[in-house]
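Novice:
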Amino acid sequence: MQKIIIAIDGFSSSGKSTMARELARNIGYAYIDSGAMYRAVTLYALRHGMIDADGRMDAERLVASLPDIRIDFRVDETTGKSRTCLNGEDVEDEIRGMEVSSHVSPVAAIPEVRHRLVSLQQEYGRDKGIVMDGRDIGTTVFPNAEMKIFVNASPEVRAHRRLLELQQKGSSADYEEVLANIRERDHIDRTRKESPLRQADDAILLDNDNMTHQEQMDFLLKTFRHIVDGKH
20 MQKIIIAIDG
30 FSSSGKSTMA
40 RELARNIGYA
50 YIDSGAMYRA
60 VTLYALRHGM
70 IDADGRMDAE
80 RLVASLPDIR
90 IDFRVDETTG
100 KSRTCLNGED
110 VEDEIRGMEV
120 SSHVSPVAAI
130 PEVRHRLVSL
140 QQEYGRDKGI
150 VMDGRDIGTT
160 VFPNAEMKIF
170 VNASPEVRAH
180 RRLLELQQKG
190 SSADYEEVLA
200 NIRERDHIDR
210 TRKESPLRQA
220 DDAILLDNDN
230 MTHQEQMDFL
240 LKTFRHIVDG
250 KH
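Residue numbers (our numbering): 20 to 251.
#1: Can you name, in chain order, every residue of its own chain whose Cβ lies under 8 Å from the Cβ of E7, other than the five neighbours on each side?
#2: Cβ of R154 within 8 Å of Cβ of D208?
#3: By Cβ distance below 8 Å, which residues in the same chain neighbour I149 in space, the five residues on each side in sequence not counted?
#4: Three-state secondary structure (DSSP) at L105?
#5: State the DSSP-derived secondary structure class of D52, mapped to helix, strand or coil.
#6: Looking at I168 and I46, is the spacing between their C-beta atoms short of 8 Å?
#7: Alpha carbon to alpha carbon, how far is V94 from Q21?
#8: For the candidate residues N229, V247, L225, whose alpha-carbon lies nearest to that of F238?
#9: Using CA atoms only, rank isn't needed, just tell me which of E184, I223, P125 is closest to T158.
#10: Contact check, L81 vs I129 under 8 Å by CB: the rounded distance?
#11: Would you kindly work out how many angstroms separate the C-alpha atoms of K147 and M166, rounded to a whole number?
#12: Quick check: the Cα distance between D125 and G54, rounded to an integer number of angstroms?
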């Protein structure tokens, strides 16, 4: 069976990473979480004092430090899930917290950061057979991807999902704080000059406000099989 590239883009907390990860597992493809890469860079910036308490960022210093930032993924042998590593350290749990979430969109808007990470992401897809999710996978990273999905849900629904995720991890956050963060990230993601978040012209829209997880997976698997069968 001919392998393809699957690009899943969408707003923050729309569920795209969960469905991308499960789709990859079901079809035997590699899964790459591009958002985790931007989160890892953000964590590096926070740890090295490049973002102050007021959210001001020393972008010039961060750009100069990019050659010192190494990001890779390792599979947890117990859970089978991918773990994000920053310079050899497992930072998967730390990059999912509110502190990183509050600063990741401005970091991701820095052109030099995007250029470096897009280049790394394209390397992952050189041999195809991958599912990658993010904000600009189908528009910038892999504009010729054979399967493109754009995931959307209302800010309120996404805030509830994100709050539940944070609570399950023992993180303290309230609904209004999470909702405000999501709306701010939406604005930054859609209006940044470098690779703004938008639906690719040939992407299929998946609005999952009122869909169960299983309904979403059935939709993705059906779409995948239709595309792959059409390439025979």
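Note that beta-carbon positions come from the ideal geometry of N, C-alpha and C, so glycine has one too.
Specialist: Considering the structure as presented:
#1: Coverage of the chain is limited to positions 20 through 251, which leaves residue 7 absent and any answer about it impossible.
#2: Here residue 154 refers to the residue found at position 135 of the sequence shown. Here residue 208 refers to the residue found at position 189 of the sequence shown. Cβ atoms of R154 and D208: closer than 8 Å.
#3: Within the sequence shown, residue 149 is the residue found at index 130, counting from 1. Around I149: I24, I25, A43, Y48, A49, Y50, I51, Y143.
#4: Start at 1 with the first residue of the sequence shown, and residue 105 comes out as number 86. Strand, per DSSP.
#5: By one-based count along the sequence shown, residue 52 stands at place 33. Reduced to three states, the DSSP call for D52 is strand.
#6: One-based indexing of the sequence shown puts residue 46 at position 27. One-based indexing of the sequence shown puts residue 168 at position 149. Cβ distance not < 8 Å, so I46 and I168 don't count as in contact.
#7: For the purposes of this step, residue 94 is taken as the residue at position 75 of the sequence shown. For the purposes of this step, residue 21 is taken as the residue at position 2 of the sequence shown. If you take the alpha carbons of V94 and Q21, they lie about 25 Å apart.
#8: Locating residue 238 in the sequence shown gives position 219, counting from the first residue. The residue with the shortest Cα to Cα distance from F238 is L225.
#9: Looking up residue 158 in the sequence shown gives position 139. Comparing Cα positions, the closest option is I223.
#10: By one-based count along the sequence shown, residue 81 stands at place 62. By one-based count along the sequence shown, residue 129 stands at place 110. Right, the Cβ-Cβ distance comes to about 7 Å (below 8 Å), so this counts as a contact.
#11: Locating residue 147 in the sequence shown gives position 128, where the first residue counts as 1. Locating residue 166 in the sequence shown gives position 147, where the first residue counts as 1. Straight-line Cα distance between these residues: approximately 12 Å.
#12: Along the sequence shown, one-based indexing puts residue 125 at 106. Along the sequence shown, one-based indexing puts residue 54 at 35. Sequence inspection shows Pro at residue 125; the Asp mentioned does not correspond to that position. When rounded, the distance between both Cα atoms is 13 Å.
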